[in-house]
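Worksheet for the structure shown next.
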Amino acid sequence: MVNRVITGAHYGFSSWLAQRVTACAMAVYTVVFLTLLIVVRPGDYATWHGMFVPVWMRLATLLFWLSLCYHAWVGVRDIIMDYIKPTAARLVAHGLVIFALLGLAAWSVQILWRA
Amino acid sequence: MADNNSRPKRYAPWYNVSPGNLPLPGLVSIFHRISGLGLFMMLWLLLWLFDSSMASAEGYDWARSVLGGGFVKLLMTGLLWAFMHHFCAGIRFLLLDMHVGIELAQARRSSGVVFVVSLLLTLILGAMLVW
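If you're matching them up, the sequences are chains A and B in order. Per the numbering used here, residue 13 is the first one in the first sequence, and the count goes up by one each step. Per the numbering used here, residue 5 is the first one in the second sequence, and the count goes up by one each step.
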């Protein structure tokens with residue numbers, strides 16, 4: 013008899029860890045962004061757009077959105093695995109979520125680097 | 005055939021986990037999930053408004069006028085609450101992961117703190133940024 017282990021401990025560890033690392037990154041960005049909003053109080057287009065001109069702010073915002081997409085993937089996948097049991101429906105749901113999140117990630121790049 | 009009847013019966017314990025019957029930490033947990041899903045479902049709207057507001061001065065004005073509508077303000081307040089709850093509950097879960105506050109009394113207290121702090125943050129930031 014072949015003793016193969018295809019399930020068990022550590023199977024989801026990387027996802028679990030990624031969800032927490034992305035959470036910390038987003039938490040830091042949230043505090044910085046809210047502080048900026050309250051200090052700068054952007055009331056017109058020039059000020060608002062100007063907030064995202066420095067490269068560090070664009071990169072930080074992009075990392076926030078990418079973290080969010082990865083974080084949401086792990087979370088929504090957990091929800092799908094908990095509530096959608098039929099394999100076909102689950103695969104379709106996974107696929108839709110992946111494409112939606114990839115689309116959102118690409119869109120955020122386009123918004124930030126439109127010039 | 006009679007084997008099933010002669011065997012001693014063991015029942016699995018049954019827990020009522022409907023939201024109305026959950027202790028506070030359970031409510032934090034299920035609302036963490038609901039708020040996360042709600043935020044995910046509304047990402048497209050947030051990114052759409054961000055896109056428009058960054059594209060041009062006209063787009064910025066359009067996004068502001070959308071955000072000025074009563075229904076959108078309610079929606080944004082709901083999303084702000086969802087975000088703040090997800091944020092505070094997430095920090096609590098990270099602390100629990102590091103075995104901080106895992107005693108029952110502490111865990112119950114911190115779950116109450118999550119609800120109170122996230123509601124306060126929603127009120128303050130909502131008043132400053134949404135309304």
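Backbone N, C-alpha and C define an ideal beta-carbon position, used for all residues, glycine too. Since the structure is predicted, the reported quantities are computational estimates derived from the model, not experimental observations.
**Request:** Under 7 Å between beta-carbons, which chain B residues line up against Tyr57 (chain A)? List them in chain order, please.
**Result:** Ala61, Tyr64
**Message:** Give me the chain B residues within the contact set of Thr47 (chain A), using Cβ-Cβ distance strictly less than 7 Å, ordered along the chain.
**Reply:** In chain order: nothing, as chain B lies at least about 12 Å away.
**Message:** One question on the structure: do Ala86 (chain B) and Leu43 (chain B) come within less than 8 Å of each other, judged by their Cβ atoms?
**Reply:** yes
**Prompt:** Does DSSP classify Asn25 (chain B) as helix, strand or coil?
**Reply:** helix
**Prompt:** Can you list the alpha helix (DSSP H) stretches of 4 or more residues lying completely in the stretch 51-124 of chain A, in chain order?
**Reply:** 57-63, 67-95, 99-124
**Request:** Report the option in B:Tyr64, B:Ala109, B:Ile128, B:Leu124 whose CA atom is closest to the CA atom of Gly55 (chain A).
**Result:** B:Tyr64
**Chain-order list of residues whose beta-carbon lies under 8 Å from that of Met5 (chain B) (same chain, five-residue window excluded)** = Interpretation of Met5 (chain B) is limited by its pLDDT of 49, a score under 50 that renders its predicted location unreliable; the figure taken from the coordinates is listed afterwards. So no residue of the chain qualifies.
**Item:** Contact check, Arg102 (chain A) vs Ile96 (chain A), beta carbons under 8 Å
**Value:** yes
**Prompt:** Of the residues that make up the stretch 75-97 of chain A, which ones have a beta carbon closer than 7 Å to any beta carbon in chain B?
**Reply:** Ala84, Gly87, Val88, Ile91
**Item:** Thr99 (chain A), buried or exposed, once every other Cβ within 10 Å from all chains shown has been counted against 16
**Value:** exposed
**Request:** Classify Arg96 (chain B) as buried or exposed, calling it buried when 16 or more other Cβ atoms lie within 10 Å of its own Cβ.
**Result:** buried
**Asked** When you compare only the Cα positions, how much space is there between Ser122 (chain B) and Arg112 (chain B)?
**Response** 16 Å
**Asked** Looking only at C-alpha atoms, which of B:Met88, B:Leu127, B:Gly82 sits nearest to Val32 (chain B)?
**Response** B:Met88
**Item:** Three-state class that DSSP yields for Tyr41 (chain A) in the structure shown
**Value:** helix
**Prompt:** Quick check: the stretch 25-43 of chain A against the stretch 73-93 of chain A, are there 3 or more CB pairs under 8 Å?
**Reply:** yes
**Asked** Can you tell me whether Gly40 (chain B) is buried or exposed, with buried defined as 16 or more other CB within 10 angstroms of its CB?
**Response** buried
**Message:** Closer than 9 Å between beta carbons: that is the criterion. Which residues of the stretch 31-43 of chain A meet it against chain B?
**Reply:** Arg32, Ala35, Cys36, Met38, Ala39, Thr42
**Asked** By DSSP, does Lys77 (chain B) sit in helix, in strand, or in coil?
**Response** helix
**Prompt:** Does any C-beta atom of chain A lie closer than 8 Å to the C-beta of Arg37 (chain B)?
**Reply:** yes
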